[in-house]
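Undergrad:
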């Protein structure tokens, strides 16, 4: 199954700093150019939480987060459009998150019940 | 020791009602008035934020490449969270943190691992037996 898409906004990047703190890999354009990514990247947790939200909207359930495992495979940037493909099993989901270029940026498992 | 700046559980973060409101707003969730239980998704941010500030990641972080987290207890507004962690280096230029998060009553609310890709590898030269002491 597949979710709708969401566009990653600057607000997603900046609001995460309240909790994650500020690192120039996320917020300095000059430093971002010098990294292998060539520009600022979104916090991994932001991509994770956007993916979780897309899953909840698709399934129309709250799906409390009890366990969450993920691997970050490619960076996400402001302006990217991401969506999630997933398989729902008994008490957990396996998922992959994709960007507009067909690149898988994250894969993981999400347990929503004990 | 180049990489670790603070001892575990030095940094503590209280969860405010406004944290939840900001979180719900930015991620397009329905705003819930006076919610007392903190969403576990928000705790992802809080716990990793404490880890971020426990290490001098500004100089060393290239990217987070993998994370695992399990939640054991509900965290409530006004709880204060601290994080215990251990660092190991399973492979060159990667760093694995094993962590446990606690509330102010010393109850473990979550645990997990966080694998980082480091931009600098000379830190490894200062590590004996794969672990910082």
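Residue numbers (our numbering), protein chains in the order written: chain A, 1 to 114; chain B, 115 to 247.
By construction, the Cβ of each residue, glycine as well, lies at the ideal position given by its N, Cα and C atoms.
#1: Quick check on DSSP: helix, strand or coil for residue 97 (chain A)?
#2: Taking C-beta pairs closer than 7 Å, name the residues in chain A that residue 155 (chain B) reaches, listed in chain order.
#3: So is residue 221 (chain B) buried or exposed if we call it buried at 16+ other beta carbons inside 10 Å?
#4: Determine, using beta carbons only, whether residue 71 (chain A) comes closer than 8 Å to chain B.
#5: So which residues on chain A does residue 174 (chain B) lean against when the C-beta distance must stay under 8 Å?
#6: Taking beta-carbon pairs under 7 Å, can you tell me which members of the region 5-33 of chain A lie near chain B?
#7: Within 8 Å (strictly less), CB to CB, does residue 80 (chain A) reach chain B?
#8: Less than 8 Å separating the beta-carbons of residue 3 (chain A) and residue 54 (chain A)?
#9: Assign residue 139 (chain B) to buried or exposed, taking buried as 16 or more other Cβ atoms, counted over all protein chains shown, within 10 Å of its Cβ.
#10: Whose C-beta lies closer than 6 Å to the C-beta of residue 194 (chain B) among residues of the same chain, with five residues either side of it excluded?
#11: Under 8 Å, Cβ to Cβ, is there at least one residue of chain A near residue 182 (chain B)?
#12: Hey, does residue 95 (chain A) have any beta-carbon neighbour from chain B nearer than 8 Å?
TA: If we stick to the structure as given:
#1: As a working note, residue 97 (chain A) is residue 97 in the first chain. Strand at residue 97 (chain A).
#2: Working through the second chain from its first residue, we reach residue 155 (chain B) at position 41. Near residue 155 (chain B) (Cβ distances below 7 Å), the residues of chain A are 49, 52 and 65.
#3: What you label residue 221 (chain B) is simply residue 107 of the second chain in a count that begins at 1. By the 10 Å Cβ count, residue 221 (chain B) comes out exposed.
#4: Position 71 of the first chain, counting from 1, holds the residue named residue 71 (chain A). Closer than 8 Å to some Cβ of chain B, the Cβ of residue 71 (chain A) qualifies, so yes.
#5: Position 60 of the second chain holds residue 174 (chain B). The contacting residues do not exist; residue 174 (chain B) stays about 10 Å from chain A at best.
#6: 11, 12, 15, 16, 18, 19, 20, 21, 23, 24 and 25
#7: By one-based count along the first chain, residue 80 (chain A) stands at place 80. For residue 80 (chain A), the answer is no, since every Cβ of chain B falls outside 8 Å of its Cβ.
#8: Walking along the first chain from the start, residue 3 (chain A) turns up at place 3. Walking along the first chain from the start, residue 54 (chain A) turns up at place 54. In contact: residue 3 (chain A) and residue 54 (chain A) (Cβ atoms closer than 8 Å).
#9: Here the question's residue 139 (chain B) lines up with position 25 in the second chain. Looking at its Cβ environment, which holds fewer than 16 other Cβ atoms inside 10 Å, residue 139 (chain B) is exposed.
#10: If you number the second chain from 1, residue 194 (chain B) lands on position 80. Closer than 6 Å at Cβ, skipping near neighbours: 126, 128 and 218.
#11: Residue numbering aside, residue 182 (chain B) sits at position 68 when the second chain is read from its first letter. Taking Cβ atoms only, chain A reaches closer than 8 Å to residue 182 (chain B), which makes this a yes.
#12: The residue you call residue 95 (chain A) lines up with position 95 of the first chain. So, not an interface residue.
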